[in-house]
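The listed protein sequences derive, respectively, from chains A and B.
Everything in the first sequence is counted per my numbering, starting at 1 for the first residue and increasing by one.
Everything in the second sequence is counted per my numbering, starting at 1001 for the first residue and increasing by one.
Just so you know, even glycine gets a beta-carbon here, dropped at the ideal spot from N, CA and C.
Because the structure is a prediction, the values reported are computed rather than measured.
Each remark here refers to the structure printed beneath this line.
Number of protein chains: 2
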Amino acid sequence: MFENRKKEWLRIAHSLKPTLQHETVRPVSGLPGHALTENDSVILDFGNHYVGHLTLKLSSQGSHPDAPAWLSVKFCENERELGETLEGYNGWISKGWVQQEQIHIDVLPTQYSFPRRYAFRYVKIDILALSSKYQLVIEDAVLDATTSADSSRIAPLSGDPLDTAIDRIALRTLHSCMQDFFEDGPKRDRRLWLGDLRLQALTNSVAYQNFDLVKRCLYLFAAVSDADGRIPACLFTEPEVEADDTYMFDYSLFFIPTLWQYAMASGDQETMEDLLPLALRQLELADAQFDPCTHLIQDSDVLGWCFVDWALPLNKQFCAQAIWIYCANAALKMKPDPALKEKIALRKEAAIRHWYDSKQHLFLSGAARQISWASQVWAVLSGIAEGEMASACLNAVSACPDALPMVTPYMMHHYAEALCQVGHRQQARQVIREYWGAMVAQGADTFFELFNPDNPDESPYGSPVVNSFCHAWSCTPSWFLRSGMLNE
Amino acid sequence: MFENRKKEWLRIAHSLKPTLQHETVRPVSGLPGHALTENDSVILDFGNHYVGHLTLKLSSQGSHPDAPAWLSVKFCENERELGETLEGYNGWISKGWVQQEQIHIDVLPTQYSFPRRYAFRYVKIDILALSSKYQLVIEDAVLDATTSADSSRIAPLSGDPLDTAIDRIALRTLHSCMQDFFEDGPKRDRRLWLGDLRLQALTNSVAYQNFDLVKRCLYLFAAVSDADGRIPACLFTEPEVEADDTYMFDYSLFFIPTLWQYAMASGDQETMEDLLPLALRQLELADAQFDPCTHLIQDSDVLGWCFVDWALPLNKQFCAQAIWIYCANAALKMKPDPALKEKIALRKEAAIRHWYDSKQHLFLSGAARQISWASQVWAVLSGIAEGEMASACLNAVSACPDALPMVTPYMMHHYAEALCQVGHRQQARQVIREYWGAMVAQGADTFFELFNPDNPDESPYGSPVVNSFCHAWSCTPSWFLRSGMLNE
């Protein structure tokens, strides 16, 4: 489907490729005042999180260097990473993501420019080898930092110091992720994921307002939709624009609210109309997952068939049904459709009938009737639960210690949004101040991909060494703080 | 001294910088026919020793690569190095010399060109990390090999298979060391040492006959002579031409026979006359080391004050006296000088009187009156021992099991030359066939810096991992075989 449109969609995406802004940055501390010998170690601190290319200006002291200098160089997004090691790492995400290099310097003095881009605040340099005849001098370290976020478009918030700190760090997170496209994380995966894009676009709409970048990303996804019109969960832009072979039920559907939200924020009706048939196609494709008699979605045991949150034990059946409804509601806003409206109503009723435990005031999920925070949040956001029922299930899950918890800032965003939707704006503010505030207390310059306040070492990958500490989906506190959502 | 000449000498050296010849080389074996996964390991064999820049053509199989490929790449001059590791290496030569890199590949397919030059036959590639979603394909490996040796100028020797093998490998050694200048070793030190240059120039004169390269190197040394006119043991050409701060008694003096040998081989009288005053200055400077009454050279306990051989326990006093005489004899050939002739005679007599043990027919050295092979060799080469005495001391040392042995091909060259000088040409041939032939038997493609047939792990540096397996001073068998020296 849409085969005759894809070339044009790709052309539009390419035409919107941003010219990156460059900033030259030097370390605020750590440049050693003395010459270094073998086994010395230095930590440069650039004072904030940046994304870009580093150049080291190196010279020598002592005799003319008579052997190559061999350095290990590690780029870290936060201070904790400095002490982490790959020894024994056996997680399922590639070690290749860890930003560490070994380099040899044959001729001194020199300016060594790292060929790769890194996301970091700290640079740890270990001198693996010199000869005894000379010492190494790090004269300077110059970072060419890039972004497609125009900071001149926003002023810092004033007011409560924690709120302003959270906003500043959330904006920095988005700032570092805004490059040629909205990256999920500039350390990892450096890729365009639809779930991340949706939240980035939301925050962008009240901050940097680079609407062309959102439009570019929408067209990138459109251009790589498959022969059935299905939109992949993520895509690659190098060496050529190409879909990842990962498809997730919720991410494909999120193209719909992302398109709608973009059109609302930018006023760009033309793009909305151009991409609407593709957006609506995602609803049709999702229909195959529903039982036409019970109006219930099929469960699946395929890992990641529907993302929702980074919680492996989470049963996704209820959330998937709710997310379909959430996205269908967004579609209705773009184009009235009585048949769709009727379908939504049937699927809402079925969800309540089948999964609502009216004694506990909780929505259950799956054959094992799992109780999770995620299910209550999506019950509210989808409108399955409205009014009293909506408040009741959010209250009930707070009082249910066995409910499966939320593990990502991505899911926490939806929780805070659900609280706002039921009018618990003060509680939403508190959630943001407690959860994101705990990252502030840990010295975050950007917000993390994963954060469990009770276990800083938590990682779904086997070790935090491959975690991303600047992750797009964590940037939404600025949306809450700047959109007026939290105001009573 | 010579301050008004050095700029011009440097200009001449620069004007003779060679245009390197390029050859495109591909592996003869090892390119895997299948895609590679994490922890896979591959050894590419280029079939011979080369010096140059490698490009890997890489692609992927499976899903679109979703994480960087992280590779360890080790360049080895010979097969034994493939199994060596830096773990626990604590020698005094820098680990920085070991030709191993770690690289990350962010985008596939790609052509990755290593920025550094390597000397190698084998390339070991270990896949440190991929993701589980894709496999790495090494499509091709293309080496841009360089040399300033013109192979079209020489034909292979015919005759005895061992002799021809030794000649071929010796020429390959020289070939790999001939780059912008005569390097001592293209793996290590990649530098111009006078002791190596002398033997390279000798072999070059009967092989590639790139006399301009010899001339360039003579002028490079001239240009970096110090304020007293002293020539350093070695020099650097990058980032600017500069003397190393290493001065060795014998290496400074070897400028004289190197200049004379160059003039004889090339017929370039002009260069000889231009540089003769500087050459003679080395004799004058050496005079400070001699006792004017006894005509004996002072001993020294400074490590490396006079090189002779890579044998730390070797006492250098006698050899230093002999090398002065050897070089003074070369000076006489360039310019008659009765006073110098007289001085040579006095120092010869003094050496015999003081160090010759006429009962043992051996020359001793130092306060401890050490017996070494090196002393006998230099007694002969210098002419201190002539006729019967010369044969006698070479015979005597063979029969003296306690004599300190020779440890380098450099010293073995001088032994073979001394044998020729006393007419034992058959024995010289035998030495070459046994010593260099043992390296051939070990599968050498080039001859090593250090070789003890009884202990392949021997290294003066603490581990063979930093040894050079293609070393200029080992190339002289071709001089013996091609100059007619060995013919009765």
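As assigned by DSSP and simplified to three states, the class of residue 1212 (chain B): Locating residue 1212 (chain B) in the second sequence gives position 212, where the first residue counts as 1. If DSSP states are grouped into helix, strand and coil, residue 1212 (chain B) belongs with the helices.
Residues of chain B with a CB under 7 Å from the CB of residue 95 (chain A): which are they? In the first sequence, the residue the question calls residue 95 (chain A) occupies position 95. Under the 7 Å cutoff, chain B gives 1070, 1128, 1129.
Using a Cβ-Cβ distance under 8 Å, would residue 1104 (chain B) count as near chain A? Taking the second sequence and counting its residues from 1, one reaches residue 1104 (chain B) at position 104. Chain A contact via Cβ: present.
For residue 1092 (chain B), return the contacting residues in chain A, with the cut-off set at a CB-CB distance below 8 Å. Locating residue 1092 (chain B) in the second sequence gives position 92, counting from the first residue. The answer, in chain order, is 132.
By Cβ distance below 7 Å, which residues in the same chain neighbour residue 269 (chain A) in space, the five residues on each side in sequence not counted? Along the first sequence, one-based indexing puts residue 269 (chain A) at 269. 263, listed in sequence order.
Taking the C-alpha atoms as reference points, what is the distance between residue 1392 (chain B) and residue 1383 (chain B)? Looking up residue 1392 (chain B) in the second sequence gives position 392. Looking up residue 1383 (chain B) in the second sequence gives position 383. Looking at the two C-alpha atoms, the distance is approximately 13 Å.
Span of the beta strand (DSSP E), counted from its first residue to its last, around residue 102 (chain A): Indexing the first sequence from 1 puts residue 102 (chain A) at position 102. Counting along the chain, the beta strand (DSSP E) containing residue 102 (chain A) begins and ends at 100-105.
Please confirm whether residue 239 (chain A) has its beta-carbon closer than 8 Å to some beta-carbon of chain B. Position 239 of the first sequence, counted from the start, is the residue given in the question as residue 239 (chain A). So yes, residue 239 (chain A) belongs to the interface.
CA-to-CA distance, residue 111 (chain A) to residue 1362 (chain B), given in whole angstroms: Position 362 of the second sequence, counting from 1, holds the residue named residue 1362 (chain B). Position 111 of the first sequence, counting from 1, holds the residue named residue 111 (chain A). Their backbone Cα atoms lie some 56 Å apart in a straight line.
Which residues in the same chain as residue 1101 (chain B) place their Cβ atom closer than 6 Å to its Cβ, once the five residues preceding and following it in sequence are excluded? Within the second sequence, residue 1101 (chain B) is the residue found at index 101, counting from 1. The residues are 1073.
Reference residue 254 (chain A); option with closest CA among A:274, A:233, A:438: Locating residue 254 (chain A) in the first sequence gives position 254, counting from the first residue. Ranking A:274, A:233, A:438 by Cα distance to residue 254 (chain A) puts A:233 first.
Taking buried to mean at least 16 other C-beta atoms within 10 Å of its own C-beta, is residue 1312 (chain B) buried or exposed? Numbered from its first residue, the second sequence carries residue 1312 (chain B) at position 312. By the 10 Å Cβ count, residue 1312 (chain B) comes out exposed.
What's the C-alpha gap between residue 1157 (chain B) and residue 1303 (chain B)? Here residue 1157 (chain B) refers to the residue found at position 157 of the second sequence. Here residue 1303 (chain B) refers to the residue found at position 303 of the second sequence. So the alpha carbons of these two residues sit roughly 41 Å apart.
Output, in chain order, the set of chain B residues within a Cβ distance shorter than 9 Å of residue 295 (chain A). Here residue 295 (chain A) refers to the residue found at position 295 of the first sequence. Going along chain B, no residue has its Cβ under 9 Å from residue 295 (chain A), so there is no contact; the nearest lies around 35 Å.
Counting only Cβ pairs nearer than 8 Å, list the residues of chain B close to residue 109 (chain A). Reading the first sequence from its first residue, position 109 is the one you call residue 109 (chain A). In chain order: 1239.
Among residues of its own chain, excluding the 5 on either side of residue 438 (chain A), which ones have a beta-carbon nearer than 7 Å to its beta-carbon? Position 438 of the first sequence, counting from 1, holds the residue named residue 438 (chain A). Closer than 7 Å at the Cβ level, and outside the excluded window around residue 438 (chain A), lie 453.
Alpha carbon of residue 13 (chain A) to alpha carbon of residue 243 (chain A), nearest angstrom: Numbered from 1 along the first sequence, position 13 holds the residue referred to as residue 13 (chain A). Numbered from 1 along the first sequence, position 243 holds the residue referred to as residue 243 (chain A). Cα-Cα distance, rounded: 14 Å.
Can you tell me where the alpha helix (DSSP H) holding residue 79 (chain A) begins and where it ends? The count along the first sequence starts at 1 and reaches residue 79 (chain A) at position 79. Here the alpha helix (DSSP H) through residue 79 (chain A) covers 79-82.
First and last residue of the uninterrupted beta strand (DSSP E) at residue 1095 (chain B): Numbered from its first residue, the second sequence carries residue 1095 (chain B) at position 95. Where residue 1095 (chain B) is concerned, there is no enclosing beta strand (DSSP E), given that its DSSP letter is neither H nor E.
Skipping 5 residues on each side, what residues in its chain have a beta carbon closer than 7 Å to that of residue 1030 (chain B)? Working through the second sequence from its first residue, we reach residue 1030 (chain B) at position 30. So the list reads 1042, 1043, 1044, 1045, once near-sequence residues are dropped.
Within 8 Å, strictly: CB atoms of residue 574 (chain A) and residue 187 (chain A): With chain A running from 1 to 488 in the structure shown, residue 574 (chain A) is simply not present.
Return helix, strand or coil for residue 1127 (chain B), following the three-state DSSP convention. For the purposes of this step, residue 1127 (chain B) is identified with residue 127 of the second sequence, where counting begins at 1. Residue state, collapsed to three classes: strand.
Can you tell me whether DSSP reads residue 1234 (chain B) as helix, strand or coil? For the purposes of this step, residue 1234 (chain B) is taken as residue 234 along the second sequence, with counting starting at 1. Three-state result, residue 1234 (chain B): strand.
Under 8 Å, Cβ to Cβ, is there at least one residue of chain A near residue 1163 (chain B)? Here residue 1163 (chain B) corresponds to residue number 163 of the second sequence, with the count starting at 1. Not closer than 8 Å to any Cβ of chain A, the Cβ of residue 1163 (chain B) fails to qualify, so no.
Does the separation of the CB atoms of residue 285 (chain A) and residue 327 (chain A) fall below 8 Å? Taking the first sequence and counting its residues from 1, the one referred to as residue 285 (chain A) is at position 285. Taking the first sequence and counting its residues from 1, the one referred to as residue 327 (chain A) is at position 327. Not in contact: residue 285 (chain A) and residue 327 (chain A) (Cβ atoms no closer than 8 Å).
Residue 1183 (chain B) and residue 1172 (chain B) - do their beta-carbons sit closer together than 8 Å? Against the second sequence, residue 1172 (chain B) aligns to sequence position 172. Against the second sequence, residue 1183 (chain B) aligns to sequence position 183. No. Outside cutoff.
Please state if the CB of residue 1208 (chain B) and the CB of residue 1153 (chain B) are separated by a distance shorter than 8 Å. For the purposes of this step, residue 1153 (chain B) is taken as residue 153 along the second sequence, with counting starting at 1. For the purposes of this step, residue 1208 (chain B) is taken as residue 208 along the second sequence, with counting starting at 1. Their beta carbons are under 8 Å apart, which means residue 1153 (chain B) touches residue 1208 (chain B) by this criterion.
Using CA coordinates, which residue listed in A:358, A:170, A:175, A:317 is at the minimum distance from residue 151 (chain A)? Stepping through the first sequence from its first residue, residue 151 (chain A) is reached at position 151. Selected option, being the one with the closest Cα: A:175.
Buried or exposed, going by whether 16 or more other CB atoms sit within 10 Å of the CB of residue 1092 (chain B)? Counting from one through the second sequence, the residue named residue 1092 (chain B) turns up at place 92. Flag for residue 1092 (chain B) reads exposed.
CA-CA distance, residue 169 (chain A) and residue 337 (chain A)? As a working mapping, residue 169 (chain A) is identified with position 169 in the first sequence. As a working mapping, residue 337 (chain A) is identified with position 337 in the first sequence. Residue 169 (chain A) and residue 337 (chain A): Cα-Cα distance of roughly 41 Å.
Provide the residue span of the beta strand (DSSP E) that contains residue 70 (chain A), from first to last. Taking the first residue of the first sequence as 1, we reach residue 70 (chain A) at position 70. Taken as a continuous stretch (DSSP letters only), the beta strand (DSSP E) holding residue 70 (chain A) covers 69-76.
The region 60-70 of chain A touching the region 125-138 of chain A, judged by at least three CB pairs closer than 8 Å: yes
Under the three-state reduction of DSSP, which class applies to residue 90 (chain A): helix, strand or coil? Taking the first residue of the first sequence as 1, we reach residue 90 (chain A) at position 90. Correct three-state label for residue 90 (chain A): coil.
Separation of residue 1022 (chain B) from residue 1306 (chain B), as counted between CA atoms: To locate residue 1306 (chain B), count along the second sequence from 1; it is residue 306. To locate residue 1022 (chain B), count along the second sequence from 1; it is residue 22. Straight-line Cα distance between these residues: approximately 38 Å.
Could you pull out every residue in the same chain whose Cβ sits closer than 6 Å to the Cβ of residue 1485 (chain B), ignoring the five residues on either side in sequence? For this step, residue 1485 (chain B) is matched to residue 485 along the second sequence. Within the same chain, residue 1485 (chain B) has close Cβ partners 1420.
Residues of its chain near residue 126 (chain A), where Cβ-Cβ distance is below 6 Å and the 5 sequence neighbours each way are ignored: As a position in the first sequence, residue 126 (chain A) is number 126, starting the count at 1. Result list for residue 126 (chain A): 41, 72, in chain order.
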